[in-house]
Amino acid sequence: MSINLYIGGRQLSVKYQGRKTMQRGFTISRVKKDSPAAKAGIKAGDFLVKINDSYFHDILDYYYLCSGQRVILSVYTKKGHFTEIEIRKNYDQKLGLEFCSPTFGPMRCCQNHCVFCFIDQQPPGMRLSLYEKDDDYRLSFFHGNYITLTNTGDLDLKRIIRRGISPLYVSIHCTDPAIRRKMMGNGAAGDIWGQLKKLVRGGVEIHGQVVVCPGLNDGTVLKKTVEDLSLLCPGLKTVALVPVGLTRYRQKLAPLRSISPGEACSIVEEYTAMQERFQEQWGTPFIYLADELYLLSGRPLPPHEHYGMYQQLENGVGLGRLFLNEVEEWKKHSILPPLPRKMEISLVTGQSGGSFLKIFRGELEKIGGLKTYLHILPNVFWGGNVTVTGLLTGSDLLLGLRRKKLGEVVFIPAVMLKEGTRLFLDNIHLEFLSTRLKVPLVPVTGLEEIRNHLVKKVLTVAG
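Shown next, in the form of structure tokens:
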């Protein structure tokens, strides 16, 4: 066995003593460059057995054991040698190790049969990852995934509280036990109120979501749900109200309908009044409405200050306001001189983003020599009431753009692509689409990237 002491990445001493021992552990898939683990000489393919002489069973154990300033790792190297490595680091600084499984073992899967489940409304033949139904409190903590708590028992709740696993993101939907069981198709779904109370009293912060389904959990049921949940504030930090999303692939599924503009208007009116009450009482609106509800109702989005830390972006809460904030920054700092030659470009968005992109196009049109085409595309692939830009597929773009004026470059939101890849949801590759449309498609995450692209074009022409 070798014992290596590393402080600040520098090896101070080495001792050797042969020994064979434990067989339990997990294979390291990646070591981040310049991380404490990389400086200590740990390699991808090494097998981590113990941390501080303790076995670890999942990702929670791993991070708990690695949180201190002094960490001893028991490792089998790829060559089969056993070694113990001591690493000194800052408190809570990550070691920089990654593993094949995000949970270090079996992922907890969803045991519900929700009547509104979006995964059940997908066509066959898509990427396998799109059909995965995780319901794992560890992924909720580390990645912000929403969980239902229907597969989370008392021992799990005690562990969450004991380890300080906070915040968690919970799909609540309603506090009425019978209605929640019906909506989620699970007899174990009725105790959400007791579970939330136990977690909040244990010091766990929670962000919640309510998918509003007309005829099920709207109206007086929704009002009671919100009033109930407000009793858990400030431990329950935020609750998002999200209109149910329905695709055209609902054969053999429970009959549901979309929220109407009139219903959206009523929700905005009623819960804006509640937000004002909660703001006065708690210093926070507590209840946040998805942008889609404002768009459906024809009401303007709340101001920037309303959204606080923008903690419900994954539910489509505040995305529009963030974009409008970007447009305001563009007006102040991104004014470009007239282009040295005429240039045509295109912007692509889904139906829900159309009104926001129209405002930005107006700013682009102020640039001399620049012509901007705005293409607001329907989501033909999913159909139903799906209008969000992030769910546009490659086939939607091909169908919607193939006979349109596109100019010399098409800017698309990067959210359309799988993270870290150039693939759309329907597995169409970005380069394939560019070839078919005979124009470069450039994914962007913000307006500054569009500005930089235009500046680069200007400099290229000027040079």
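Every position in the sequence shown, counted from 1, becomes a number in my numbering once 2 is added. The beta carbon of each residue, even a glycine, is placed where N, CA and C say it ideally should be.
Quick one: grab the DSSP three-state call for Ala416.
helix
Assign Leu321 to one of three DSSP states: helix, strand, or coil.
Under the three-state reduction of DSSP output, Leu321 falls in the helix class.
Cβ of Gly127 within 8 Å of Cβ of His59?
no
Following the continuous alpha helix (DSSP H) through Phe143, name the residue where it begins and the one where it ends.
Tyr139 to His145
Given a threshold of 16 other Cβ atoms within 10 Å of its Cβ, counted over all protein chains shown, does Thr447 qualify as buried or as exposed?
exposed
Length of the line joining the Cα atoms of Gln353 and Gly155
In this structure, the alpha-carbon of Gln353 lies about 41 Å from that of Gly155.
Beta-carbon gap between Phe28 and Phe101 smaller than 8 Å:
yes
Over the uninterrupted beta strand (DSSP E) stretch that includes Ser76, give me the two end residues.
Arg72 to Tyr78
Three-state secondary structure (DSSP) of Arg32
strand
Whole angstroms are fine: how far does the CA of Pro245 sit from the CA of Ile261?
6 Å
Helix or strand or just coil, what does DSSP make of Glu433?
Correct three-state label for Glu433: helix.
Under three-state DSSP, which class holds Gln25?
Confidence at Gln25 is low in this model, with a pLDDT of 42, below 50, so its placement is unreliable and the value that follows should be read with caution. DSSP places Gln25 in coil when its eight states are reduced to three.
Buried or exposed (CB count within 10 angstroms, at least 16 for buried), Arg468
The chain is shown from 3 up to 465; residue 468 falls before or after that span and cannot be answered.
Are Arg292 and Val319 closer than 8 Å when you measure CB to CB?
The residue asked about is misnamed: residue 292 is Ala in this sequence, not Arg. In contact: Ala292 and Val319 (Cβ atoms closer than 8 Å).
Between Tyr64 and Asn381, what straight-line distance do the alpha-carbon atoms span, to the nearest angstrom?
42 Å
For Phe49, the residue or residues it bridges with in DSSP
In DSSP, Phe49 forms a bridge with Thr29 and Tyr78.
Which partner residues of Thr240 appear in the DSSP bridge assignment?
His209
If contacts are defined as beta-carbon pairs under 8 Å, then Tyr296 and Val270 qualify, I think. What distance do you get, rounded to the angstrom?
6 Å
Option in Asn327, Glu328, Ile174 and Gly402 with minimal Cα separation from Ser348
Residue Gly402 is the option with its Cα nearest to Ser348.
Go through its chain and collect everything with a Cβ distance to Tyr57's Cβ below 7 Å, but skip five positions before and after it.
Arg26
Where the alpha helix (DSSP H) through Glu282 begins and ends
Pro263 to Trp284
My output table needs one value for Glu410: the three-state DSSP class, helix, strand or coil.
coil
Mind checking Met423: buried by the 16 CB within 10 Å criterion, or exposed?
The sequence given here has Thr at residue 423, not Met. When all chains shown are included, Thr423 counts as exposed.
Contact set for Ile61: own chain, Cβ-Cβ below 6 Å, skip 5 residues either direction:
Thr105, Phe106 and Arg140
Are the segment 161-172 and the segment 116-125 touching by the rule of at least three beta carbon pairs closer than 8 Å?
no
Let me make sure I understand the geometry here. Which of Ser336, Pro236 and Arg129 has the alpha-carbon closest to that of Lys368?
Among Ser336, Pro236 and Arg129, the Cα nearest to that of Lys368 is on Ser336.
Pairwise C-alpha distance: Ile74 and Gly146:
29 Å
Determine whether the beta carbon atoms of Phe118 and Leu258 lie at a separation below 8 Å.
yes
DSSP state of Glu357 mapped onto helix, strand, coil:
As written in the sequence, residue 357 is Ser, which differs from the Glu given in the question. Reduced to three states, the DSSP call for Ser357 is helix.
Are there 16 or more other CB atoms within 10 angstroms of the CB of Val213, so buried, or fewer, so exposed?
buried
Nearest to Tyr309 (by Cα), restricted to the options Ile30, Val241, Pro340 and Ser357:
Val241
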